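*Asks:* My structure is below; once you've seen it, I'll send some questions.
The following block contains the structure:
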């Protein structure tokens, strides 16, 4: 089964998610979207499946530092452009597995997805 986890290497939540996967013997590929970037197709698919409010990290420092004018009246297109330009605005981690998409990390949700 192909499992890909997307995020930023040094993020604490990412470390917890990766540790959980390793402790439960779930093989995965890690995609660091800060180092490797992310494409529009992935962002569009994630937003279609999980919703913009789930994918966009409004609580993060990068988003909060934006000028008010950029944060207000945020359309899907504007949000995608921001996330493409600054991947730190994408919630972490994003995990694709078994045709499912998990955004954020909660051990009980990972356990449910991997049959633990």
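Numbering (the working numbering), first residue to last: 1188 to 1303.
A virtual CB, placed ideally from N, CA and C, is assigned to each residue, including glycine.
These numbers were taken from a predicted model, which means no experiment stands behind them.
Quick check on residue 1297: does DSSP put it in helix, strand or coil?
*Replies:* Helix, per DSSP.
*Asks:* Go through its chain and collect everything with a Cβ distance to residue 1215's Cβ below 6 angstroms, but skip five positions before and after it.
*Replies:* Taken in chain order, the residues that qualify are 1190, 1192 and 1208.
*Asks:* For residue 1229, count the other beta carbons within 10 Å of its own beta carbon; 16 or more makes it buried, fewer makes it exposed. Which is it?
*Replies:* It is buried - the Cβ of residue 1229 has at least 16 other Cβ atoms within 10 Å.
*Asks:* What residue does the alpha helix (DSSP H) around residue 1219 start on, and which one ends it?
*Replies:* Residue 1219 -> not in any alpha helix (DSSP H); beta strand (DSSP E) instead, spanning 1216-1219.
*Asks:* Candidates 1240, 1244, 1269 and 1288: which alpha carbon is nearest residue 1277's?
*Replies:* Comparing Cα-Cα distances from residue 1277 to each of 1240, 1244, 1269 and 1288, the minimum goes to 1244.
*Asks:* Classify residue 1213 as helix, strand or coil using the three-state DSSP reduction.
*Replies:* Correct three-state label for residue 1213: coil.
*Asks:* Would you decide whether residue 1246 is buried or exposed? Buried here means 16 or more other CB atoms lie within 10 Å of its CB.
*Replies:* Classification for residue 1246: exposed.
*Asks:* Assuming residue 1227 and residue 1267 form a contact by the criterion Cβ under 8 angstroms, report the distance between their Cβ atoms to the nearest whole angstrom.
*Replies:* Contact flag correct, Cβ pair sits at about 6 angstroms.
*Asks:* So the alpha helix (DSSP H) residue 1264 belongs to, where does it begin and stop?
*Replies:* Note, residue 1264: alpha helix (DSSP H), 1263-1272.
*Asks:* For residue 1277, does the three-state DSSP call read helix, strand or coil?
*Replies:* If DSSP states are grouped into helix, strand and coil, residue 1277 belongs with the strands.
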